[in-house]
Amino acid sequence: MKSTISLVTLFLLSFFALAQENPLLSQDVAAQQKWVDSIYDSMTLEEKVGQLFMVQAFSNKDLRYENTIYGLITDYHIGGIIFSKGGPYRQAKLTNTFQEASKVKLLIGMDAEWGLSMRLDSTYAFPWNMTLGAIKDERLIEQTGRQIGEHCKRLGVHFNFAPVVDINTNPNNPIIGNRSFGEDRDNVTTKGLAFMKGMQSAGVMANAKHFPGHGDTDSDSHKTLPTINFDEKRIDSVELYPYKTLIKEGLSSVMVAHLNVPALEEQLDYPSSLSKTIITDILKEKLGFQGLIYTDALEMKGVANFNEPGDIDLAAFLAGNDVLLMSEDVPKASTKLIEAYNNHVITEERLAYSVKKILMAKYKIGLSDYKPISLNNLGHDLNRVEDDALNEELFENAITVVRNQNNVLPIRGLDTKTVAYVSLGDDDGSIFYKELQKYTKVNKVEAENLDELLAKLQQYNTVVVGFHKSNDSPWKDYKFTEKELAWLYEIARTNNVILDVFAKPYALLDLNTIENFESIVVSYQNSKVAQEKSAQLIFGAIAAKGHLPVSCGFFKVGQGLELGTLSNLAYSI
């Protein structure tokens, strides 16, 4: 037991120097240690094992489902809940109910990478990480993390499973993509660090994911076990680079992905989430990480196909994970871990180390003095004027001009311009069109076939083509169709075209030539604010400041033309 306490004390002292900046880092080490020890010493073995589990819960299901979660709290003493889909009021009520039922208050987590709206209706959506990756001013990223953290804290969420620090070097990555800050390790690291600092300054614990790096895969670990085929030197210098920096700056937790990494794990097709080499030898010992270590969801096919429920949980714990996220079967897993403890497969020191770290986290986020979530003004508090203001500033700084032949942008000499707008893609561009019309007369031109469209466009000397793809999800396909490309090339061949891409920059990979395009703008998303700000940029009401976070065809990472403003009026809140 003495060695366990010394490890715990070391963990506390290692973060002491950062306490002035981070409200999560208690300066009263003695009080924290006393609380942790008193709770641990009062717990049964079953209660200690229960602390290792964080189960998924939805706030949009029926009472029978809620009673199932309630039973896991009262019968298996789970340590935490990760909320998924639902709504803020329903989640707040459930959180209060579940906390009341729990002897040791629950850690509440969420995936809120771009805000609570990643999972909940009626909550605020900030830009995706790929959009943030285009911004030069890191203070804006830190403020984004802070305001997302404030939303989380208001809703009783203690852990946000963000930031994603995967370096997206594979444009065909089906699961990361827009969730990454980009392909450049330094940009990803500075953005991830700023986001982490902002969120933790709001009193919400950050979680860097997906260790050791999910950015160069072409498959989804929710469905299979992706392979990372780089050598150890490359992984250390690229994929692990953000973790090294964030760990030094006080990172609260890490999520370990389900990946096959032959350079780091000798066992054939063995998930990183179950690898002692990757978790204990590399993350803990080599990188010196002493915070909480979460598995990725244990129900995902990248690991669930490996073994039976319970066996997976035991293997994950023995590998060095502290929190078993979304176990397929908590009763079976709990029984398996208790048996392993009684058979001396799990030592008291090993169990105490993880459980006490979990209890430390609970103390830091205030669960030693728990207060229920107030429902008063909850909706208002999660959708504030300052959130709108920040969102506008983020898009103003992100939208990127990658091509501007003959200084077409910003558009000048409006008295000589006849401007048409053509909409491509499967989503709505009406806000963009409406905003364009605030600066000059712009006609929307539509046609049943290409010949008809080209004929109609002959009367215009400037054609703005908006490529609009759904803003609902970062995982959707953002490619041009063959028909859209054929139309686009012909429009550009016969007109002066400004192409504006309201989708992730990888859409530009579909272009086999850019010769006939006067200007190309990347607006990243098809949100209301993105459409408004992009129109303002085209007419010089705001400056162009963004730089590409990824390479895409003819354009390289970091590319972006910085353009000044004209005297036109920018519209904002």
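In the numbering used here, the protein residues as written are 6 to 578.
Using N, Cα and C, we set each Cβ at its ideal position, and we do this for glycine too.
- Lys90 and Lys66 have their C-alpha atoms some 9 Å from each other.
- In the assembly as shown, Val335 is a buried residue. Its beta-carbon has 16 or more other beta-carbons within 10 Å.
- Non-local beta-carbon contacts of Gly120 in its own chain, meaning distances under 7 Å to residues more than five positions away in sequence, involve Thr128, Tyr129, Ala130, Phe131, Ile153, His156 in chain order.
- Only residues of its own chain outside the window of five on either side were considered, and among them Pro132, Val534, Ala535, Lys538 have a CB closer than 7 Å to the CB of Phe400, listed in chain order.
- Judged by DSSP secondary structure, Asp80 falls within the alpha helix (DSSP H) whose first and last residues are 68 to 81.
- In the structure shown, Val54 falls within a helical segment according to DSSP collapsed to helix, strand and coil.
- Note on geometry: alpha-carbon atoms of Gln61 and Ile83 lie some 11 Å from one another.
- Unbroken beta strand (DSSP E) runs of no fewer than 3 residues, entirely contained in the segment 265 to 337, are found at 297 to 300, following chain order.
- With 16 or more other Cβ atoms inside 10 Å of its own Cβ, Val261 counts as buried.
- Secondary structure of Met115 (DSSP, three-state): strand.
- Under DSSP, no beta-bridge partner is assigned to Gly197.
- Counting the other Cβ atoms within 10 Å of the Cβ of Lys362 gives 16 or more, which makes it buried.
- Residue environment analysis places Ala460 among the exposed positions, since fewer than 16 neighbouring C-beta atoms fall within 10 angstroms of its C-beta.
- Around Leu514, the same chain offers Pro176, Cys557, Gly558 as residues with beta carbons nearer than 7 Å, after the five sequence neighbours per side are excluded.
- The bridge partners DSSP lists for Leu99 come to none.
- For Thr282, same chain residues with a beta-carbon under 8 Å away, outside a window of 5 residues either side, are Leu269, Glu270, Glu271 in chain order.
- With respect to the C-alpha of Gln442, the residue from His349, Leu429, Asn501, Thr423 having the closest C-alpha is Thr423.
- Contact check for Ala366 against Leu297 passes: the beta carbons are separated by less than 7 Å.
- Judged by DSSP in its simplified three-state form, Gln38 adopts helix.
- The Cβ-Cβ distance between Leu319 and Lys341 falls below 7 Å.
- Annotation for Asn531: no beta strand (DSSP E) segment contains it, and DSSP assigns it neither H nor E.
- His263: not part of any beta strand (DSSP E); DSSP gives it neither H nor E.
- Leu329 is not a Cβ neighbour of Phe88, given a cutoff of 7 Å.
- With fewer than three CB-CB distances shorter than 8 Å, the segment 35 to 54 does not count as touching the segment 63 to 78.
- As DSSP reads the structure, Gly84 sits in no beta bridge.
- At a cut-off of 4 residues, the continuous stretches assigned as alpha helix (DSSP H) that sit fully inside the segment 157 to 225 are 190 to 206.
- In this model, Glu51 and Tyr275 are separated by some 29 Å (Cα to Cα).
- Under a 10 Å Cβ-count criterion, His349 is classified as exposed, with fewer than 16 other Cβ atoms of the shown protein chains found around its own Cβ.
- Counting every other CB atom within 10 Å of its CB across the protein chains shown gives Thr149 a total of 16 or more, marking it as buried.
- Lys228 is positioned such that its CB atom lies closer than 7 Å to that of Lys306.
- Around the beta carbon of Lys488, fewer than 16 other beta carbons lie within 10 angstroms, which makes this residue exposed.
- When rounded, the separation of the alpha-carbon atoms in Leu414 and Asn388 is 34 Å.
- Under the DSSP definition of a beta bridge, Arg417 lacks any partner.
- Residue range 390 to 403 is occupied by the alpha helix (DSSP H) that includes Phe400, with no beta strand (DSSP E) assigned at that position.
- In this chain, the alpha helix (DSSP H) harbouring Asp456 covers 455 to 462.
- Per DSSP, Thr499 has no beta bridge partner at all.
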